[in-house]
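Data first, discussion second: the structure below is written as structure tokens.
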Amino acid sequence: MANLNAGKGVEDLYEWSSGYEAVVDGPMVDEFHMKWEGRIWDVRVFGEMERNLYMLAMAYFDEGESGKLHLKPEFDDTKGGSWPSGEELFVYFKRVVDLLWNENGKSTRKVIWNEWCERMIIGMLGSKYCGLAGCASSGKSDAMAVYGIVMYLCWPQKTKVIATSTTMKMAKMRIWRSINELWRKDFPGKMVYSDCVIKGVSANGDLTEDTGILLMPAAGGAGQEIDSNFLGLKQERFITLLDELSELPVSVVNGCYSNLSTNTWFEMKAASNPNSYHDAFGVFCKPAKGWASVTEIDMEWETARGICLRFDSEKSPNMKAGRVLYPWLPKAKEIEHARKEFGERSRYFFRMFKGFWFAGSSDETVFNEGEIMKGRADAPVDKSEIDVGAKEELVLAGDPAFTQGGDRFPLIKGRVVQIDRKSVLEITELDIIKDDIDTEDVSRSYSAIRYIKKRCVDEGIPSSHFAFDMTGAGIPFRDIVVHEWSSLPMGVMFGGKASDMQISPIDPRMASEVYSNRVTELWARLKGLMREGRIRGLTSEIIQELCQRQWDEMRGAKLKIESKKLMKLRTGKSPDIADTLVILVELCVKLGLLGEMETVKVDERTNDVWRRSYENMDSGAWDESGLEY
Numbered sequence: 024m025a026n027l028n029a030g031k032g033v034e035d036l037y038e039w040s041s042g043y044e045a046v047v048d049g050p051m052v053d054e055f056h057m058k059w060e061g062r063i064w065d066v067r068v069f070g071e072m073e074r075n076l077y078m079l080a081m082a083y084f085d086e087g088e089s090g091k092l093h094l095k096p097e098f099d100d101t102k103g104g105s106w107p108s109g110e111e112l113f114v115y116f117k118r119v120v121d122l123l124w125n126e127n128g129k130s131t132r133k134v135i136w137n138e139w140c141e142r143m144i145i146g147m148l149g150s151k152y153c154g155l156a157g158c159a160s161s162g163k164s165d166a167m168a169v170y171g172i173v174m175y176l177c178w179p180q181k182t183k184v185i186a187t188s189t190t191m192k193m194a195k196m197r198i199w200r201s202i203n204e205l206w207r208k209d210f211p212g213k214m215v216y217s218d219c220v221i222k223g224v225s226a227n228g229d230l231t232e233d234t235g236i237l238l239m240p241a242a243g244g245a246g247q248e249i250d251s252n253f254l255g256l257k258q259e260r261f262i263t264l265l266d267e268l269s270e271l272p273v274s275v276v277n278g279c280y281s282n283l284s285t286n287t288w289f290e291m292k293a294a295s296n297p298n299s300y301h302d303a304f305g306v307f308c309k310p311a312k313g314w315a316s317v318t319e320i321d322m323e324w325e326t327a328r329g330i331c332l333r334f335d336s337e338k339s340p341n342m343k344a345g346r347v348l349y350p351w352l353p354k355a356k357e358i359e360h361a362r363k364e365f366g367e368r369s370r371y372f373f374r375m376f377k378g379f380w381f382a383g384s385s386d387e388t389v390f391n392e393g394e395i396m397k398g399r400a401d402a403p404v405d406k407s408e409i410d411v412g413a414k415e416e417l418v419l420a421g422d423p424a425f426t427q428g429g430d431r432f433p434l435i436k437g438r439v440v441q442i443d444r445k446s447v448l449e450i451t452e453l454d455i456i457k458d459d460i461d462t463e464d465v466s467r468s469y470s471a472i473r474y475i476k477k478r479c480v481d482e483g484i485p486s487s488h489f490a491f492d493m494t495g496a497g498i499p500f501r502d503i504v505v506h507e508w509s510s511l512p513m514g515v516m517f518g519g520k521a522s523d524m525q526i527s528p529i530d531p532r533m534a535s536e537v538y539s540n541r542v543t544e545l546w547a548r549l550k551g552l553m554r555e556g557r558i559r560g561l562t563s564e565i566i567q568e569l570c571q572r573q574w575d576e577m578r579g580a581k582l583k584i585e586s587k588k589l590m591k592l593r594t595g596k597s598p599d600i601a602d603t604l605v606i607l608v609e610l611c612v613k614l615g616l617l618g619e620m621e622t623v624k625v626d627e628r629t630n631d632v633w634r635r636s637y638e639n640m641d642s643g644a645w646d647e648s649g650l651e652y
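Numbering (the working numbering), first residue to last: 24 to 652.
Set out below in structure tokens:
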């Protein structure tokens, strides 16, 4: 980029007509022409706009002799630099917006400034990684759309903006609707609304999809592969706008960062109504000092990579003014109605009105985030916690869900360590076996077993320390395990009746007296161990699935969780990852690695009861009629 302070010829954002010069500190030249696709843009309007765009672009970059963009050293955070001030850049940004949409009758779409809109823009300008946690109707999607278009115009030949949302249909009702309304036909590029893409421009002025703005839906099946969608995308400036991030898979955040952050310039902005600490938005907005460091009083905090700004309906510009200034923002009547209808301490009120994460418990789900965090199940084990000289045991579990009509094969690796003379299972890795392990000459099941066998050999995991789901259609899978590997891996059956195993050393009742079926028993055991602080290192994906499965109706005095079939109908997915954790816990208990809950001293007789119960289960003492779990 040319150095304007040097008073040299302007060769900056676009193809300028030759012979014109400008200086930052002096008046703009009378005629400030820009030629684009044969069109001379309005001199009086776009002269000023381009100067402001130029100043925005110059804030971050220098252009070397090769024509490549280079971050200014003071803003290169990989070398100890810092991001420029959002407040300072907002002066230029706001003037650009006014010239583009609010003045001179060039646009039918106006950008109405208010306290919240300005705060969102300043936050996005001031941090590469910015989360907008807000109540419903706070203007988050509109703010991101304005930001994305303006930042594209700063450098259209070298900028790619990717907007993500749940589905094409929903995006067209939210962020893409805003982008479409704000886009002007005389902007460099071409809107193709049906494809949800704005084709950008190349260095020679041709239309290209290498630059521009693209919508990438990321919910459902597509969301599971979002990392591969980002793979290989290259451009000198990459900006991602993640709308409704709470509804998208965690892989969206990881995929964006791992695949795109290597570009010269990368930004990630995200917006959503907060839902779960462990969904994609919760992971993105997690405070640098942990969730315990912030409360519903806090309106802004630092995250691991950037900042999170919060927008509470009770603090909206309408509420502050005491009257409706902006009809699209939250109003007093709406807030009061929701408070009476749902309760001000409800999950719904927190999410849609407070714009904050709800940490309360729920009687509907088997697990809730509050008890998971209380038991520190989401925290990894620190080296200093482990008892000196204690032996470490590696374990692995898998759920070949494709044998049950699913499409995933989750693997969870863990280690059992000793902390304060108690055995603790720490989850160290979650892996999803991809379809690409298939070969032409063997089935997916054979390929999966060969992959697992190799991992165990390479990582020093004994074959007896691997377990898998052997329920129903999973029974033939065991034959493949034995044929390809060993008879030592353990098959776990979820179906059938609860066992006659004593619930715990301090509860003499048999599991069959308390639980309606075997799967409820297994999930309940995990719940008990978690409360004891015996489970650590759970990933966000695992926690999400644990907290989605609900209790079923009571059958007499016995507890029962909903079936996988019912959960899939309700949520659209099966708890395959959570079930894999349950399998891993069962493996550890059966191997004697976790043992009983160590609330009281356990005698040998109780140990015998537990062992005999397991032996009975191995001999086939389970109900064939209960395969549905």
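No residue lacks a Cβ here, since even glycine has one placed at the ideal position from N, Cα and C.
Assign residue i to one of two classes, buried (16 or more other C-beta atoms within 10 Å of its C-beta) or exposed (fewer than that).
i	result
I435	buried
Y115	buried
M196	exposed
K181	buried
S648	Summary for S648: the model assigns pLDDT 35, below 50, so the residue's position carries little reliability, and this model does not support an answer.
T494	buried
W633	Confidence is the limiting factor: at W633 the pLDDT is only 32, short of 50, which leaves the residue's position unreliable, though a coordinate-based value still follows. Looking at its Cβ environment, which holds 16 or more other Cβ atoms inside 10 Å, W633 is buried.
E564	buried
I529	exposed
Y300	buried
Y175	buried
Looking at the strands, I want to know which residues DSSP matches up with residue i.
i	result
Q573	T388
K292	C153 and L264
F210	In DSSP, F210 forms no bridge with anything.
T603	Looking at the DSSP assignment, T603 forms no beta bridge with any residue, so it has no partner.
S188	P240
Q180	Q180 pairs with nothing; no bridge assigned.
I455	P433
C331	G154 and W324
I498	DSSP lists no partner for I498.
Y115	Looking at the DSSP assignment, Y115 forms no beta bridge with any residue, so it has no partner.
In angstroms with no decimal places, state the Cα-to-Cα distance between residue i and residue j.
i	j	result
A241	S284	19 Å
K220	I236	In the sequence on display, residue 220 carries Val and not Lys. Going by the C-alpha atoms only, they are around 6 Å apart.
F289	R260	6 Å
L148	P310	20 Å
L686	T231	With the chain covering 24 to 652 only, the question about residue 686 has no answer from this structure.
I262	I185	6 Å
V542	A303	28 Å
R467	G514	18 Å
P499	S597	21 Å
V68	T234	Caution is warranted here: a pLDDT of 34 is assigned to V68, below 50, making its placement in the model unreliable, and no coordinate value can be reported.
A521	E415	31 Å
D481	I475	10 Å
I526	W546	12 Å
G398	E555	7 Å
G146	Q571	33 Å
I450	S509	24 Å
L610	C479	15 Å
W324	W314	10 Å
N277	P531	46 Å
L265	M291	8 Å
V169	F113	13 Å
E337	K445	47 Å
K257	N286	7 Å
Below 7 Å between beta carbons: does that hold for residue i and residue j?
i	j	result
V440	I395	no
L332	L155	yes
C158	G421	no
K583	S539	yes
K213	K222	yes
G329	Y152	yes
G5	A382	Examination of residue 5 is not possible in this model, given that the chain is present from 24 through 652 alone.
V119	V173	yes
L238	W199	yes
I376	A361	With the sequence shown as reference, residue 376 is identified as Phe, and Ile is not the correct amino acid for it. Yes; because the gap between Cβ atoms is below 7 Å, this pair is in contact.
S201	D165	yes
With residue i and residue j assumed to form a contact (beta carbons below 8 Å), what rounded beta-carbon distance in angstroms separates them?
i	j	result
L617	L448	6 Å
C140	G162	6 Å
D339	P350	Reading off the sequence, residue 339 comes out as Ser, not Asp. The Cβ separation is near 12 Å, so there is no contact.
Of all the CB atoms in chain C, is at least one closer than 7 Å to the CB of residue i?
i	result
P598	Annotation note: the requested chain C is absent from the structure, which comprises a single protein chain.
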